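Visitor: This is the structure I want to talk about, given as C-alpha cells.
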Amino acid sequence: GTILGRIVSHQNPQNLPPIEDPNRRNLVASVSTKSAKVYNPNGKPRICLVDCGMKYNQLRCFLSRGACVEVVPWDHDITKVDYD
Numbered sequence: 123g124t125i126l127g128r129i130v131s132h133q134n135p136q137n138l139p140p141i142e143d144p145n146r147r148n149l150v151a152s153v154s155t156k157s158a159k160v161y162n163p164n165g166k167p168r169i170c171l172v173d174c175g176m177k178y179n180q181l182r183c184f185l186s187r188g189a190c191v192e193v194v195p196w197d198h199d200i201t202k203v204d205y206d
C-alpha cells in the first residue's frame, strides 16, 4: 500500500505545513476535461471516451485507426451521446 509522508533533510519537520490527504478531494474531477470535444467527427466507429484521467496516447491510437472520438468529462450524461 501507500502512506502519506515526506523525506526531510536539514529542516525541522515541525516547521513544515501539514501533508494534504489526496483522498479527501475528488481527484478525478481535477484531472478530467471540463467540456466535451469531438475529434474526427466523420470517423467510424464513434467512441465516447469518458475522461477520468485519460492518456492522450489512447486518443491518438483511436484517431490513427479512423475513429470519431468524443471526449467527455467524468460527470457527463453519456445517455445523450451518440456512440457505437
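First residue of the sequence shown? That's 123 in our numbering, and the numbers climb one at a time after it.
Even for Gly, the Cβ is constructed at its ideal location relative to N, Cα and C.
Everything numeric in this text was worked out from a predicted model, so none of it was measured.
Inspect the beta-carbon positions of Val160 and Val194 and report whether they are closer than 7 Å.
Guide: no
Visitor: Throw me the rounded Cβ distance for the Gly165 and Cys190 pair, which I believe falls under 8 Å.
Guide: 4 Å
Visitor: Can you give me the C-alpha to C-alpha distance between Pro167 and Asp206, rounded to a whole angstrom?
Guide: 6 Å
Visitor: Can you list, in chain order, the stretches of the beta strand (DSSP E) that have 3 or more residues and sit fully within the segment 144-173?
Guide: 159-161 and 168-172
Visitor: Measure the C-alpha to C-alpha separation of Thr201 and Gln136 and round it to an integer number of angstroms.
Guide: 51 Å
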